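All letters in the sequence shown, in the order written, are residues 1 to 548 by UniProt numbering.
The C-beta atom is built at its ideal place from N, Cα and C for all residues, glycine as well.
Quick caveat, the model's predicted, so the values are computed rather than measured.
Okay, structure first, notes after.
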Amino acid sequence: MRRGESKAATRGANRSSSSSSWKSRYIGYGLVLGFVLMLLYLMVNAQFSNSPNAYLGPATTSKTESIPATTYQGNQAWQEDGSRGLEEGHREEVASTQRSTGQRQEKDDESEKQRTEKNSIEEQLGNDRSSNYGEEGRQSEKKDTIEFSEFGGGTDDFNNVANTKPICDTSFGKYDICVLDGDTRAQGGGGAGAAAVTLVSPRAAPREWKIKPYSRKYLDGLKPVTVRSVPNPEDAPPCTTRLNVPAMVIELGGLTGNYWHDFTDVLVPLFIGARRFGGEVQLLVVNLLPFWVDKYRRIFSQISRHDIVDLEKDDDRGVVRCYPHVVVGYGSRKEFTIDPSLDDTGGGYTMVNFTEFLRQSYSLPRDRPIKLGTNHGARPRMMILERTNSRKLMNLPEVAAAARAAGFEVTVAGGRPTSTYDEFAREVNSYDVMVGVHGAGLTNCVFLPTGAVLLQIVPYGRLESIAQTDFGEPARDMGLRYIEYDIAADESSLMDVFGKDHPMIKDPVAVHLSGWGNVAEWYLGKQDVRVNIERFRPFLTQALEHLQ
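As structure tokens, this is what we get:
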């Protein structure tokens, strides 16, 4: 009995000790949990008390919200001068790194804004006629009704400063863009000085950017524009002239003058950026090229009803131009086209809208090509573009004869047209089919009626991707019916130069990997083509079928 009682007493003592230990542990856990909950409460309370918008309702987002740039086609051809390199791919890698850095910097800037309450945002005619473009801006007597806030960017909205975007977005791979909404002052910069655009906002902390207002910011020789924000009017130059319409600051340097780049780098991006203003916008141009603007004067007159300003010459006269809204820079995400899902057009504009805009600008009569199903016996009109330098069509007469035999009325457009550019645009619009070897001349497809056919002959050397990017995809976006004929090795003049066993013929991929120099020199610069007529006939038939 004593042994049993001793065991029972021992078990009772153990249970008592265990119970006491269990209670102690849970008391400790409860204290820790209570301490953690108290810290969380203090942190949340501090966050809400420090946020200027804590009780202002849901945050809003500027319409110029940054969209990551799409992968750039690193092997696209510089059209006639053979100057584009495969180093473009490397540039895109660098640009990607810059975008990531820019995004991190933007987050840092957002925190800084909340602490300081700062305000955010071919071969065509080479006419050398020159003219003046209103170096002095006109005083506007019109009442402007545009709601500038709809264009996004920096703002003077005191109630939502913390949620606005920075004035300048430098995260795009190809171009930078700044949107200044409010009291904005543009001052010219000649010689070594840079033009400057300043936003005056009472809640803006001083900040400055250097922006190249061109669609390919990575090119050498471009002239930067200084964009800054200041809190006080005394910190900005006083206005000498004021216009109550928006303004756009652009540059005409870079590759302006190459026909394809004229559209890809300037005219299409300008349409993207300025069409939303309906003509009520003034263009402030760095590196103004009067003869070039004169060539496209019909387009510029539709973009803006106001004088074009040579911003660099303003510096000589001490002019300071003031506007309620200014955009610095322009660009497009893809080559020679508009992607409304990526490009902020301010109206959902597409490449079809751009070609309609051109027909309006040049008073072109045809919106649609011939419809053979309702025009029995009619012969659709075909324009064959003749190249005079590289990538010549060596059997052009045979190609034209085959097209006539297929049922087309054929015209060969050769060399430099003797007509004016306006007349040539009207002539192109009269055709139903355009045929040509890859090159800048195919840019003229912008004047074809919607639904017409573009047949691109692609030289040998694995150039299909370049051809698709430069003309195939844009043609489809214009509403054209696109056909591609790829030259085989035995149709290329390079076969006679190198022979079938040379890597230039046998292994084009290796040539591309060796560097852009060989691609540009041989596949684009020193190659002509001889189309196999029998192989080509089904493509002519396909073009006819598209017009049924």
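| Query | Result |
| --- | --- |
| Do Tyr523 and Gly461 have their C-beta atoms within less than 8 Å of each other? | yes |
| Tell me whether Ala467 sits in a helix, a strand or coil according to DSSP, three-state version. | helix |
| Between the Cα of Thr184 and those of Phe357, Pro202, Asp501, spot the shortest distance and give me the residue it belongs to. | Pro202 |
| Short of 6 Å in beta carbon distance, which residues of its chain neighbour Glu208, apart from the five on each side in sequence? Order them along the chain. | Arg228 |
| Counting only the same chain and skipping the five closest in sequence on each side, list residues whose C-beta sits under 6 Å from that of residue 618. | Residue numbering for the chain in the displayed model covers 1 to 548; residue 618 lies beyond these limits and cannot be assessed. |
| As an exercise, report each continuous alpha helix (DSSP H) stretch of at least 4 residues that is fully enclosed by the region 423 to 504, in chain order. | 464 to 467, 473 to 477, 494 to 498 |
| In terms of DSSP beta bridges, what is Leu283 paired with? | Met248 |
| Which first and last residues belong to the alpha helix (DSSP H) in which Arg535 is found? | 533 to 546 |
| For Leu222, list the residues DSSP reports as bridge partners. | DSSP output for Leu222 lists no bridge partner at all. |
| Between the Cα of Arg426 and those of Thr198, Leu364, Val519, spot the shortest distance and give me the residue it belongs to. | Leu364 |
| Between Arg305, Ser304, Val319, which has its C-alpha nearest Leu311's C-alpha? | Val319 |
| Is DSSP giving Pro52 helix, strand or coil here? | Confidence at Pro52 is low in this model, with a pLDDT of 35, below 50, so its placement is unreliable and the value that follows should be read with caution. Coil, per DSSP. |
| Roughly how many whole angstroms lie between the Cα atoms of Ala489 and Pro290? | 44 Å |
| What do you get for His546, buried or exposed, if any count of 16 or more other CB atoms within 10 angstroms of its CB means buried? | buried |
| Around the Cβ of Met504, are there at least 16 other Cβ atoms within 10 angstroms (buried) or fewer (exposed)? | buried |
| Excluding five sequence neighbours on each side, which residues of the same chain lie with their C-beta closer than 6 Å to the C-beta of Leu454? | Met434, Cys445, Ala475, Leu480, Tyr482 |
| Where DSSP assigns a beta bridge to Glu521, which residues make up the other side? | DSSP, once it has assigned bridges, lists no residue as partnering Glu521. |
| If we ignore side chains and look at the alpha-carbon of each, how far apart do Tyr357 and Ala406 end up? | The amino acid at residue 357 is misidentified as Tyr; the sequence shows Phe. C-alpha separation (whole angstroms): 33 Å. |
| Taking DSSP as the reference, what is the three-state secondary structure of Ile177? | strand |
| My guess is that Glu251 and Asn287 are in contact by the Cβ rule of under 8 Å, so how many angstroms apart are they, rounded? | 5 Å |
| So, using beta-carbon positions, are Tyr349 and Arg298 closer together than 8 Å? | no |
| Below 8 Å on the Cβ atoms is my contact criterion, and I expect Pro237 with Ala204 to pass it. Report the Cβ-Cβ distance as a whole number of Å. | Contact flag wrong, Cβ pair sits at about 16 Å. |
| Leaving out five residues before and five after Leu540 in sequence, what residues of the same chain have Cβ atoms less than 7 Å from its Cβ? | Ala402, Ala403, Ala406 |
| Roughly how many whole angstroms lie between the Cα atoms of Asp314 and Tyr296? | 23 Å |
| Cα separation between Arg333 and Leu442? | 21 Å |
| I need the straight-line Cα distance from Ile533 to Glu398, nearest angstrom please. | 7 Å |
| According to the neighbour-count rule (16 or more other Cβ atoms, all chains shown, within 10 Å of its Cβ), is residue 619 buried or exposed? | Past the boundaries of the shown model lies residue 619; the chain is included only from 1 to 548, so the question cannot be answered. |
| Between the alpha carbons of Pro206 and Cys178, how many angstroms are there, rounded? | 16 Å |
| Looking at C-alpha atoms only, which residue of Ser304, Leu448, Gly436 is the closest neighbour of Met351? | Leu448 |
| Using only alpha-carbon positions, find the residue among Leu393, Tyr214, Phe498, Thr240 that is nearest to Gly173. | Tyr214 |
| Which residue comes first and which comes last in the alpha helix (DSSP H) that contains Ala274? | 268 to 274 |
| Looking at Val511 and Asn518, is the spacing between their C-beta atoms short of 8 Å? | yes |
| Less than 8 Å between C-beta atoms, sequence neighbours within five positions excluded: which residues of the same chain meet that for Cys239? | Arg185, Val320, Arg321, Cys322 |
| What separation, rounded to the nearest whole angstrom, lies between the Cα atoms of Pro68 and His306? | Because the pLDDT of Pro68 is 31, which lies under 50, any placement of that residue in the model is unreliable, and the number read from its coordinates should be weighed accordingly. Spanning the two alpha carbons is a distance of roughly 34 Å. |
| Closer than 7 Å by C-beta to Asp262: which residues in its own chain qualify, once you throw out the five before and the five after it? Chain order, please. | Thr256 |
| Take the Cβ of Ser419 as the centre, count every other Cβ of all protein chains shown within 10 Å, and call the residue buried at 16 or more, exposed below. | exposed |
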